[in-house]
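All remarks here apply to the structure that follows.
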Amino acid sequence: MRSLRRHSTYTVHAVDVRIQNQLITKNRTTRAEQRRWNRDAARKAHDILEDRS
175 MRSLRRHSTY
185 TVHAVDVRIQ
195 NQLITKNRTT
205 RAEQRRWNRD
215 AARKAHDILE
225 DRS
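Okay, so the sequence shown: first residue is 175 according to the working numbering, each after it adds one.
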């Protein structure tokens, strides 16, 4: 029975690590998209202000 519990614990840990890695990857992608959007917005705002001068 101990062997089964140990195996189950390792399996749960492996699944947990895999899900965490997937979430990290998704979060990294989302943050990169947000940074790109922010850079574009800042560039457009800069261009608008330059046109006014």
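All C-beta atoms in this analysis are idealised placements derived from N, C-alpha and C, irrespective of residue type, glycine included. Because the structure is a prediction, the values reported are computed rather than measured.
T199 and A215 have their alpha carbons spaced roughly 24 Å apart. CA-to-CA, the gap between R217 and D225 works out to about 12 Å. Pairing R210 with R192, the inter-Cα distance amounts to about 27 Å.
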